[in-house]
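FYI, UniProt numbering numbers position 322 of the sequence shown as 322, with every residue one higher than the one before it. Ideal Cβ positions, reconstructed from N, Cα and C, are used throughout, including at glycine.
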Amino acid sequence: MFSYSIEVCSDCIAFTSCPSAVELAINHLDNSTKTKFIESLCGHEYDQIKWMPKICCSDFTLASRTGEVGTDVVTGTADSHPNMRLLPDTCGDIEGNRIIGGRVAKIYEFPWMALISYNTREGLQFQCGGSIINSRYILTAGHCVAGSHKIAGVRIGEFDIRYKIDCQGEEPNFVCESHLQDIRVENIILHESYTGLPSPSNDIALLRLSKPINFNFKNALPICLPVTEDLQNFELGGKVGTVAGWGLTETEKYSPVLLKVNVSIKTGEECSQYYNRSPGPNEGDRTLNYICAGEHLKDSCNGDSGGPLMLEVEYKGINRNIQYGIVSHGPKQCGSDFPGVYTAVTKYIKWILDNIRD
Numbered sequence: 001m002f003s004y005s006i007e008v009c010s011d012c013i014a015f016t017s018c019p020s021a022v023e024l025a026i027n028h029l030d031n032s033t034k035t036k037f038i039e040s041l042c043g044h045e046y047d048q049i050k051w052m053p054k055i056c057c058s059d060f061t062l063a064s065r066t067g068e069v070g071t072d073v074v075t076g077t078a079d080s081h082p083n084m085r086l087l088p089d090t091c092g093d094i095e096g097n098r099i100i101g102g103r104v105a106k107i108y109e110f111p112w113m114a115l116i117s118y119n120t121r122e123g124l125q126f127q128c129g130g131s132i133i134n135s136r137y138i139l140t141a142g143h144c145v146a147g148s149h150k151i152a153g154v155r156i157g158e159f160d161i162r163y164k165i166d167c168q169g170e171e172p173n174f175v176c177e178s179h180l181q182d183i184r185v186e187n188i189i190l191h192e193s194y195t196g197l198p199s200p201s202n203d204i205a206l207l208r209l210s211k212p213i214n215f216n217f218k219n220a221l222p223i224c225l226p227v228t229e230d231l232q233n234f235e236l237g238g239k240v241g242t243v244a245g246w247g248l249t250e251t252e253k254y255s256p257v258l259l260k261v262n263v264s265i266k267t268g269e270e271c272s273q274y275y276n277r278s279p280g281p282n283e284g285d286r287t288l289n290y291i292c293a294g295e296h297l298k299d300s301c302n303g304d305s306g307g308p309l310m311l312e313v314e315y316k317g318i319n320r321n322i323q324y325g326i327v328s329h330g331p332k333q334c335g336s337d338f339p340g341v342y343t344a345v346t347k348y349i350k351w352i353l354d355n356i357r358d
């Protein structure tokens, strides 16, 4: 049986911005520590005077807690994490008989889709999306919770925003659905190393709901996360994923009905060619914790900020929808030749598990 070591860097920041690393460099700069610094390098940023090395700060936070230097942040899978029990076994079910290549999703095709509502000057508005990961938590983008608008709540089970009762299809496959769940947000958990738009880093957040989602309805179900060795090591480059949503952004108009689009996932090298072509400050390590996907006229403009990038992958013996990305940002011109950028969920599994509770 093979043993895998999975290194996760979810907080790549300037060396001088990591107190634990600075303290270690001042007080314990031996050969072991020097090796640790080299192994933890994850990029560079320009501070107007010189290029500053960036490191995975959590490496040194962990070292300072345990008294050990040279310990990986994550070794193996998330299986041993005590909060794995909070992620449901029933997740990511695939709705059969789907419309291949169609733009309009089916009512029960993506039951983990969530809409985040905000209090604005124009009243209550949906401006971001998210995904259900268990009965109390929504996974979304950091920039969806870091803005000036106050989050009002989360809607579960929506399909067509215009109607209270959503219907689709023709006899004998005609179906209607009326169950919506509007739930207040109890707590907002933004990644501690998030940096803002237009090119955010660590663009991930969790919303804890004030009460559990009722999973007794067909339009409410969690999506699976890539928590096993096989899922975390699954090669994404060259694969085709799916983005679903209402096209919600902070400034653009949206579709009233849930849409989907298939997007080609780029390799890390291809992503670097697009977004590291002329790196500016904080841009050089862009691809570390991100996925690039999409092509001309097919990108995350069809999805929501904070919504999921999904792939159908075998998990627990059957094909399921696994969330590998979170819609983060992309080129200013929607549908351009540049792919959209998605937060890589595999890089943040430990962070997610660390921040959920009963």
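*Expressed to the nearest angstrom, what Euclidean distance is found between the alpha-carbon atoms of Ala14 and Pro53?*
By 1-based counting over the sequence shown, the position of residue 14 is 14. By 1-based counting over the sequence shown, the position of residue 53 is 53. Going by the C-alpha atoms only, they are around 6 Å apart.
*So which of Ile133, Val185, Pro82 and Asp160 has the shortest CA-CA distance to Tyr118?*
Sequence index remark: in the sequence shown, residue 118 carries index 118 (1-based). Here the closest residue by C-alpha is Val185.
*Rounded to a whole number of angstroms, what is the C-alpha to C-alpha distance between Ile326 and Asp354?*
For the purposes of this step, residue 326 is identified with residue 326 of the sequence shown, where counting begins at 1. For the purposes of this step, residue 354 is identified with residue 354 of the sequence shown, where counting begins at 1. Rounded to whole angstroms, Ile326 to Asp354 spans 18 Å at the Cα level.
_Please tell me whether Ile107 and Gln168 are closer than 8 Å, where the distance is taken between their beta carbons._
One-based indexing of the sequence shown puts residue 107 at position 107. One-based indexing of the sequence shown puts residue 168 at position 168. For Ile107 and Gln168, yes; Cβs fall inside 8 Å.
*asked:* For Asn134, count the other beta carbons within 10 Å of its own beta carbon; 16 or more makes it buried, fewer makes it exposed. Which is it?
replied: By 1-based counting over the sequence shown, the position of residue 134 is 134. So Asn134 counts as buried.
*Tell whether a beta-carbon distance below 8 Å holds between Ala146 and Cys128.*
Position 146 of the sequence shown, counting from 1, holds the residue named residue 146. Position 128 of the sequence shown, counting from 1, holds the residue named residue 128. Taking 8 Å as the Cβ cut-off, Ala146 and Cys128 do not qualify as a contacting pair.
*Using DSSP bridges, identify the partner residues of Glu312.*
Along the sequence shown, one-based indexing puts residue 312 at 312. Beta-bridge pairing links Glu312 to Asn321.
*According to DSSP, which residues form a beta bridge with Cys56?*
Counting from one through the sequence shown, the residue named residue 56 turns up at place 56. DSSP lists Cys12 as partners of Cys56.
*Pairwise C-alpha distance: Thr35 and Arg103*: As a position in the sequence shown, residue 103 is number 103, starting the count at 1. As a position in the sequence shown, residue 35 is number 35, starting the count at 1. Between Arg103 and Thr35, the C-alpha separation is close to 51 Å.
*Quick one: is Pro308 buried, meaning 16 or more other Cβ sit within 10 Å of its Cβ, or exposed?*
The sequence position of residue 308 within the sequence shown is 308, counting from 1. Buried.
*Hey, how far is the Cα of His149 from the Cα of Pro111?*
In the sequence shown, residue 149 corresponds to position 149, counting from 1. In the sequence shown, residue 111 corresponds to position 111, counting from 1. Using only the alpha carbons, I get a separation of about 26 Å.
*CB-CB under 6 Å to Ser201, same chain, minus the five flanking residues each way: which ones, in chain order?*
For the purposes of this step, residue 201 is identified with residue 201 of the sequence shown, where counting begins at 1. Within the same chain, Thr195 come within 6 Å of Ser201 by CB-CB distance, once the 5 residues on both sides are set aside.
*Expressed to the nearest angstrom, what Euclidean distance is found between the alpha-carbon atoms of Ser199 and Gly306?*
In the sequence shown, the residue the question calls residue 199 occupies position 199. In the sequence shown, the residue the question calls residue 306 occupies position 306. Approximately 14 Å between the Cα atoms of the pair.
*In whole angstroms, what is the alpha-carbon distance linking Pro281 and Ile138?*
The sequence position of residue 281 within the sequence shown is 281, counting from 1. The sequence position of residue 138 within the sequence shown is 138, counting from 1. The predicted model places Pro281 with a pLDDT of 44, which falls under 50 and marks its position as unreliable; any figure quoted below should be read in that light. Near 31 Å, if we compare the C-alpha coordinates of Ile138 and Pro281.
*Do you know how far the Cα of Ile349 is from the Cα of Glu229?*
For the purposes of this step, residue 229 is taken as residue 229 along the sequence shown, with counting starting at 1. For the purposes of this step, residue 349 is taken as residue 349 along the sequence shown, with counting starting at 1. Cα to Cα, Glu229 sits roughly 12 Å from Ile349.
*What first and last residue would you give for the beta strand (DSSP E) that runs through Asp166?*
Residue mapping note: residue 166 aligns to position 166 of the sequence shown, counting from 1. Here the beta strand (DSSP E) through Asp166 covers Asp166 to Gln168.
*What's the C-alpha gap between Glu109 and Lys316?*
One-based indexing of the sequence shown puts residue 109 at position 109. One-based indexing of the sequence shown puts residue 316 at position 316. The alpha-carbon atoms of Glu109 and Lys316 are separated by roughly 20 Å.
*Quick one: is Ile156 buried, meaning 16 or more other Cβ sit within 10 Å of its Cβ, or exposed?*
Position 156 of the sequence shown holds residue 156. Buried.
*So Ser131 is in the beta strand (DSSP E); what residue range does that whole segment cover?*
The residue you call residue 131 lines up with position 131 of the sequence shown. Where Ser131 is concerned, the enclosing beta strand (DSSP E) stretches over Gly123 to Ile132.
_Within 10 Å of its beta-carbon, does Val175 have 16 or more other beta-carbons around it, so buried, or fewer, so exposed?_
Your numbering for residue 175 matches position 175 in the sequence shown. With fewer than 16 other Cβ atoms within 10 Å, it is exposed.
_Cβ shell of Thr343 (< 6 Å), same chain only, five flanking positions each side left out_ = In the sequence shown, residue 343 corresponds to position 343, counting from 1. These residues qualify, in order along the chain: Asp203, Ile204, Ile326 and Ser328.
*Leaving aside the five residues before and after Phe159 along the sequence, list all residues of the same chain whose C-beta is less than 6 Å from its C-beta, in chain order.*
As a first step, residue 159 is located in the sequence shown; it is residue number 159 there, counting from the start. So the list reads Ile107, Asp166 and Leu258, once near-sequence residues are dropped.
*Below 6 Å CB to CB, which residues in the same chain sit around residue 361 once its five sequence neighbours on both sides are set aside?*
Nothing can be reported for residue 361: it is not among the residues displayed for the chain, which extend from 1 to 358.
*Val261 versus Ala244, Ser80 and Glu269, residue with shortest Cα-Cα distance*: Here residue 261 is taken as the residue at index 261 of the sequence shown, counted from 1. Among Ala244, Ser80 and Glu269, the Cα nearest to that of Val261 belongs to Ala244.
*Using the C-alpha atoms, what's the distance from Val154 back to Lys164?*
Here residue 164 is taken as the residue at index 164 of the sequence shown, counted from 1. Here residue 154 is taken as the residue at index 154 of the sequence shown, counted from 1. Approximately 16 Å between the Cα atoms of the pair.
*asked:* As a quick exercise: from Ala21, Val263 and Leu311, pick the residue whose alpha carbon is nearest that of Cys56.
replied: One-based indexing of the sequence shown puts residue 56 at position 56. Cα-wise, what sits closest to Cys56 is Ala21.
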